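Protein chains in written order, with this note's numbering: chain C, 26 to 449; chain H, 292 to 599; chain Y, 6 to 296.
All residues carry an ideal CB built from backbone N, CA and C; glycine is no exception.
Just so you know, these numbers come straight off a predicted model, no measurement behind them.
Data first, discussion second: the structure below is written as structure tokens.
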Amino acid sequence: MNKFKKRATCSPMLAVLPANAVFLALALALATPTYAQTKDPIKIGVIAEAQAVAGSSIPLAAQLAADEINAAGGVNGRKIEIVSYDNHSSAAESVRAFQRAANEDHVNAVIASYISEVVLALEPWAGRLKTVMITPGAASDVITQNIAKDYKHNKYTFHGYLTSTSIADSVCDSAKDLLVKDLKMKTAVVMSEDAAWTTPLDAEYLKCLPKIGLKVIDHIRVSPDTTDFTPIFNKIEGEKPDVIITGISHVGVQPTVQAKSQEVPIPMYGVSSQASNSSFWQDTNGAVDGVLYQAVSGPDVAVTPKTLPFVAAFKKRFGNFPSYCGYTAYDEVYYIADAIKRAGSTDPDKLVDALEKTDYVGTIGRVQFQGKDTPYPHALKIGASTITGLMLQWQNGKQVNLWPAKVANGKLKFPKFIKVGSAN
Amino acid sequence: MRSFSTARVLLFALGVIVLASFLPLGVSGYILGLLTIAYYFGVFAMSWDLLFGFAGEVNFGPTFLIGTGAYAAGILDNLYQLPIWICLVAGALAAVIGGVVLALPALRVRGPYFGLTTLVAVLMLQNFIVVAAGLTGGEIGLVVPDVISVSDTTNYEIALWFMAISGAILFSLSRSPVGLILQASGQDAVQAGALGFNVTKHKLAAFIISAFFSGLAGALMVFYLGTASVGTLVDITVGVQIIIAAVLGGRRTILGAVLGAIFLIAMSEALRPLGDLSNFVVFAIALIVVLLFPNGLLGLLTGTKENI
Amino acid sequence: MLFWQILIDGFAISSLYALGATGFALIFGVSGVLNLSHGALMVAAVVAAWAAGAHLHAGPYAGAALGVAIGFSTSLLTYFVIVRPLQHSRKIREEEKEIFILTATLLWGIMIQELIAYLYTNNAKTVAPIVEGVVWIVGVRTPSNEIFTAVVCWLVIGLLWLLVNRTRAGKAVLAASMNPRGVTLLGIELSQVYIAVWAIYGVLVGIAGVLLGMFLGVSSYSVGPLTASAFAIVVLGGLGSVSGALIAAYVVGYLETMTAYLISPAYRTIPALLLVVAVMYVRPRGLLGRR
Numbered sequence: 026m027n028k029f030k031k032r033a034t035c036s037p038m039l040a041v042l043p044a045n046a047v048f049l050a051l052a053l054a055l056a057t058p059t060y061a062q063t064k065d066p067i068k069i070g071v072i073a074e075a076q077a078v079a080g081s082s083i084p085l086a087a088q089l090a091a092d093e094i095n096a097a098g099g100v101n102g103r104k105i106e107i108v109s110y111d112n113h114s115s116a117a118e119s120v121r122a123f124q125r126a127a128n129e130d131h132v133n134a135v136i137a138s139y140i141s142e143v144v145l146a147l148e149p150w151a152g153r154l155k156t157v158m159i160t161p162g163a164a165s166d167v168i169t170q171n172i173a174k175d176y177k178h179n180k181y182t183f184h185g186y187l188t189s190t191s192i193a194d195s196v197c198d199s200a201k202d203l204l205v206k207d208l209k210m211k212t213a214v215v216m217s218e219d220a221a222w223t224t225p226l227d228a229e230y231l232k233c234l235p236k237i238g239l240k241v242i243d244h245i246r247v248s249p250d251t252t253d254f255t256p257i258f259n260k261i262e263g264e265k266p267d268v269i270i271t272g273i274s275h276v277g278v279q280p281t282v283q284a285k286s287q288e289v290p291i292p293m294y295g296v297s298s299q300a301s302n303s304s305f306w307q308d309t310n311g312a313v314d315g316v317l318y319q320a321v322s323g324p325d326v327a328v329t330p331k332t333l334p335f336v337a338a339f340k341k342r343f344g345n346f347p348s349y350c351g352y353t354a355y356d357e358v359y360y361i362a363d364a365i366k367r368a369g370s371t372d373p374d375k376l377v378d379a380l381e382k383t384d385y386v387g388t389i390g391r392v393q394f395q396g397k398d399t400p401y402p403h404a405l406k407i408g409a410s411t412i413t414g415l416m417l418q419w420q421n422g423k424q425v426n427l428w429p430a431k432v433a434n435g436k437l438k439f440p441k442f443i444k445v446g447s448a449n
Numbered sequence: 292m293r294s295f296s297t298a299r300v301l302l303f304a305l306g307v308i309v310l311a312s313f314l315p316l317g318v319s320g321y322i323l324g325l326l327t328i329a330y331y332f333g334v335f336a337m338s339w340d341l342l343f344g345f346a347g348e349v350n351f352g353p354t355f356l357i358g359t360g361a362y363a364a365g366i367l368d369n370l371y372q373l374p375i376w377i378c379l380v381a382g383a384l385a386a387v388i389g390g391v392v393l394a395l396p397a398l399r400v401r402g403p404y405f406g407l408t409t410l411v412a413v414l415m416l417q418n419f420i421v422v423a424a425g426l427t428g429g430e431i432g433l434v435v436p437d438v439i440s441v442s443d444t445t446n447y448e449i450a451l452w453f454m455a456i457s458g459a460i461l462f463s464l465s466r467s468p469v470g471l472i473l474q475a476s477g478q479d480a481v482q483a484g485a486l487g488f489n490v491t492k493h494k495l496a497a498f499i500i501s502a503f504f505s506g507l508a509g510a511l512m513v514f515y516l517g518t519a520s521v522g523t524l525v526d527i528t529v530g531v532q533i534i535i536a537a538v539l540g541g542r543r544t545i546l547g548a549v550l551g552a553i554f555l556i557a558m559s560e561a562l563r564p565l566g567d568l569s570n571f572v573v574f575a576i577a578l579i580v581v582l583l584f585p586n587g588l589l590g591l592l593t594g595t596k597e598n599i
Numbered sequence: 006m007l008f009w010q011i012l013i014d015g016f017a018i019s020s021l022y023a024l025g026a027t028g029f030a031l032i033f034g035v036s037g038v039l040n041l042s043h044g045a046l047m048v049a050a051v052v053a054a055w056a057a058g059a060h061l062h063a064g065p066y067a068g069a070a071l072g073v074a075i076g077f078s079t080s081l082l083t084y085f086v087i088v089r090p091l092q093h094s095r096k097i098r099e100e101e102k103e104i105f106i107l108t109a110t111l112l113w114g115i116m117i118q119e120l121i122a123y124l125y126t127n128n129a130k131t132v133a134p135i136v137e138g139v140v141w142i143v144g145v146r147t148p149s150n151e152i153f154t155a156v157v158c159w160l161v162i163g164l165l166w167l168l169v170n171r172t173r174a175g176k177a178v179l180a181a182s183m184n185p186r187g188v189t190l191l192g193i194e195l196s197q198v199y200i201a202v203w204a205i206y207g208v209l210v211g212i213a214g215v216l217l218g219m220f221l222g223v224s225s226y227s228v229g230p231l232t233a234s235a236f237a238i239v240v241l242g243g244l245g246s247v248s249g250a251l252i253a254a255y256v257v258g259y260l261e262t263m264t265a266y267l268i269s270p271a272y273r274t275i276p277a278l279l280l281v282v283a284v285m286y287v288r289p290r291g292l293l294g295r296r
């Protein structure tokens, strides 16, 4: 029975590790100086999905903006410092990072994530820890609905990207010109991934598509861990729609590549977040040719005078083009700095007041937030005078903008296997 | 021949816990937050050690029990806004039920087959969570409206004492006759059965106890973070981290599992400057320990050798 | 129409599963090792083939060759760095080696996964197909690539069969899987057999990976599910039985395809998982298992 003996001898050393942990903790605590003087830097935390293509632009673009502001003398003489955290696309890691940013690194504001679920998990923490948070890429309407429901607690959250509803409206507006007027399309199937941000997107699609004259034959929600899209495309093809209206972000490469290899003859049009990345052509070996996607920016589209210089600076420094949340993250650093300047303080409540009065022309248009008495407080204002959104298409390795007409730089065209209008 | 009695080990551990409970006086909130997570992980790893180290069952599905408890508690809170303690009890109960459901088929098979059954259970739970996105929040997470407290210190003390109590119970159990029967049946089930012990009954008991503490710890973690997600509580990677914590700390020691968990969390924090590469390095270090020091940290510190 | 569609699509995916699981079963049959880094090796092969095309501008054949080479070398690395030291370790008791090999290969798989995500992000990657275009089979528009996948899978499985049954080295492997001790009596070094098996396994994993990359594409997230599906197929077929694994691959492949077409793609893997649990409950050694 000597097998049972060995575990007994181990206990005296039990204390060693916890003791080390205590020591380590003390050492870390002492090593962290407390910032109190006014000339200390303004800290902006960036919590992002550094391993995902869309998310990886967020910290880079924020750093670029901070460096530009610092080179121009900072904010009232204070430098801007970016503290970035990788959340591995996980809500819980984001919460930990947020706690660290607020409690340990004492950041003045946080720019967080392009995933709606992550932002929704952080939103209560922004209120609990009274720290301003702006998302550069999440889309769910629930983020701003929560602010409407409990303004006092949730007012620290700002929605720096379009809500799903306004994205759907932007898709419908462009489809009215490009698909209904030009191509005489009549029917559509909505295909979107099952996620928080697509629930309001789909609801708005189902409302606005019939209004512009596209009858919705079917509405398919795809599980985000789908690997084989063949059955889905086969089902859609059997229903013979003129166009597939998409709402995909977490999935992207696989449906695009499989549509090409199966030569699905129906064009895809709508939201395909990954398609907005310049590397998407390479990721799909060119299968994205002909795919149309909604965005707020494009590499060669001069939405405002600031857009192209930003893209050029980003490309020069990091070697690739920014993803869609790169543009918004870049703008956010600027208007946070602007708000701190106007508020004359980094006090979170004063900062919220100043941010609510934001009127800043950035890379994606004119940034203004909706008021606290609207159904979507702290959401971006949408419209011809503020932000319209674009509709781009991949053509021969290039992202070409087709809509709105005044900033268009190309014409709609499809690869051979797509038969426009054949389905009637 | 035991050099230290169960009571002496527990008394000693109590001393360490009491010392640790004064940590909030001298340490920043962030470190407390890290340790809070580490303590819950410690409970996961101790529960796993009871099943594997003692009952000899290769359980790849610790996260099935954790996830069941965590999501049951989180969903209840989300749907009905019940008081947190009711959600916690319900979560622990759900995990126990999950444990029994898993144990019934799993106890019929052994070795790799048992491992696969538990692995399949995790995949099924994961699938269910993703498919029932309306209820569970799907792939990325469920947000619960309530948290136990926003104070780092309160959360820390809850996690610390919860770990202390579960550790004391699990450790005493492992050193009781029940633990010895489990260990005997883990090493040679036929012989243990021939000696007149009801192996199945004891293993089922081990499953239920393991499930209870895993589920309760999972539920507590949900009300600490304010969110439950597949990536933190259910994914196979999380299960692997729990197994690593237990193996790193030293199998069949129960208390070693806590060391393993603290070590893992401290390590991933210390390596944070490496950025995205930090996880890779943590796993590499764990692999090296597994390859070179199979008895884990406790074995390494005390110089004990496996007696073959 | 739907019937033919399920038949054709199911065949391609099942053939791919069969090829992936064959190597997994072979390793277990010969050395008793369950390699839980299986999925990671496949993903490594895909990403290598993709990177060859995307970064080195290699053609599809060169890319595929690089993918297979990476599968092959990672497999041997797994054996020499992880599996062999554990098998020879004196610090671990014999009956515990299994759990150590399982844990270590699992860790190794996650390391590969993390490294890939670090180097190339966790976005899905697809390999440029060697054959493009579509053909019509009984009214079903089928990508030529799907047919190519099935043909290559069966060619490779056929070659493996020839190797095992018709060559001296192959016969030694076969004999070792039946009776390891008996083989040593015949003067064959068991360690040589192990190396040979891991080499064969590496090639199979590389080919299966590259084909999967051309057919569906993978991301670093696919590591776990790929390992789990190979594990499930092999257990269903009976651990150690290659022919059992082949049959099980088709059972699982068709069950998944039917679920995806007839119920919903979201539920794709669930019936197959339930089947595995049910089989283990009724017949724990699998369809054709002998252990």
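{"Item": "Cross-strand partners of E218/C (DSSP beta bridge)", "Value": "V247/C"}
{"Item": "Alpha-carbon to alpha-carbon, K331/C and A338/C", "Value": "11 angstroms"}
{"Item": "Among R542/H, A508/H and N570/H, nearest to A385/H - alpha-carbon criterion", "Value": "A508/H"}
{"Item": "Reduced DSSP secondary structure (H/G/I, E/B, other) of I365/C", "Value": "helix"}
{"Item": "Minimum Cβ-Cβ distance from T252/C to chain Y less than 8 angstroms", "Value": "yes"}
{"Item": "CA nearest to the CA of T156/C, picked from W428/C, T182/C, Y139/C and I172/C", "Value": "T182/C"}
{"Item": "Inter-residue spacing [alpha-carbon to alpha-carbon] between N179/C and T383/C", "Value": "18 angstroms"}
{"Item": "Coil, strand or helix - E264/C by DSSP", "Value": "coil"}
{"Item": "H62/Y, DSSP secondary structure in three states", "Value": "coil"}
{"Item": "Of the residues G207/Y, A54/Y and L217/Y, the one placed nearest F153/Y, counting alpha carbons only", "Value": "L217/Y"}
{"Item": "Interface residues of chain H facing T108/Y [CB-CB closer than 7 angstroms]", "Value": "I534, V538 and V581"}
{"Item": "Contact under 8 angstroms by Cβ, A277/Y with A237/Y", "Value": "yes"}
{"Item": "Amino acids of chain H, ordered along the chain, whose beta-carbon sits closer than 8 angstroms to that of N128/C", "Value": "S319, G320, Y321, G324 and D443"}
{"Item": "Between the CA atoms of F258/C and H244/C - distance to the nearest angstrom", "Value": "13 angstroms"}
{"Item": "Partners in chain Y for A151/C, counting only beta-carbon separations shorter than 8 angstroms", "Value": "Within chain Y, no residue comes near A151/C; the closest Cβ sits about 26 angstroms away, beyond 8 angstroms."}
{"Item": "Segment contact, 8 angstroms Cβ cut-off, at least three pairs: the region 70 to 77 of chain Y with the region 148 to 166 of chain Y", "Value": "no"}
{"Item": "C-alpha distance - I18/Y paired with I472/H, whole-angstrom precision", "Value": "47 angstroms"}
{"Item": "Rounded C-alpha distance that separates G344/H from E194/Y", "Value": "35 angstroms"}
{"Item": "Beta carbon of A57/Y nearer than 8 angstroms to that of A67/Y", "Value": "yes"}
{"Item": "Length of the line joining the Cα atoms of T371/C and A354/C", "Value": "19 angstroms"}
{"Item": "Option in G396/C, G238/C and I192/C with minimal Cα separation from A173/C", "Value": "G396/C"}
{"Item": "Alpha helix (DSSP H) segments (min. 4 residues) lying fully within the region 167 to 223 of chain Y", "Value": "173 to 183, 185 to 190 and 195 to 220"}
{"Item": "Near-chain H residues of the region 256 to 273 of chain Y (beta-carbon distance less than 7 angstroms), N- to C-terminal order", "Value": "A271 and Y272"}
{"Item": "Chain-ordered neighbours of I527/H on chain Y, where CB pairs are closer than 7 angstroms", "Value": "G229"}
{"Item": "Within-8 angstroms CB hit, N421/C to chain Y", "Value": "no"}
{"Item": "Residue from I11/Y, N150/Y and A109/Y whose Cα sits closest to the Cα of V531/H", "Value": "A109/Y"}
{"Item": "Any 3 or more C-beta pairs closer than 8 angstroms across the region 157 to 168 of chain C and the region 182 to 196 of chain C", "Value": "yes"}
{"Item": "Residues bridged to I105/C [DSSP beta-bridge criterion]", "Value": "I67/C"}
{"Item": "Segment contact, 8 angstroms Cβ cut-off, at least three pairs: the region 225 to 237 of chain C with the region 197 to 206 of chain C", "Value": "yes"}
{"Item": "Same chain, Cβ closer than 6 angstroms to S81/C, five either side skipped, listed in chain order", "Value": "A75"}
{"Item": "Residue-chain proximity (Y123/Y, chain H), Cβ-Cβ < 8 angstroms", "Value": "yes"}
{"Item": "Under the three-state DSSP convention, the category N463/C falls into", "Value": "Outside the shown range of chain C (26 to 449) lies residue 463/C, about which nothing can therefore be said."}
{"Item": "C-beta neighbour in chain H for L244/Y, strict 8 angstroms", "Value": "yes"}
{"Item": "Chain C residues whose Cβ lies nearer than 7 angstroms to that of T427/H", "Value": "Chain C residues near T427/H: none, gap ~11 angstroms exceeds 7 angstroms."}
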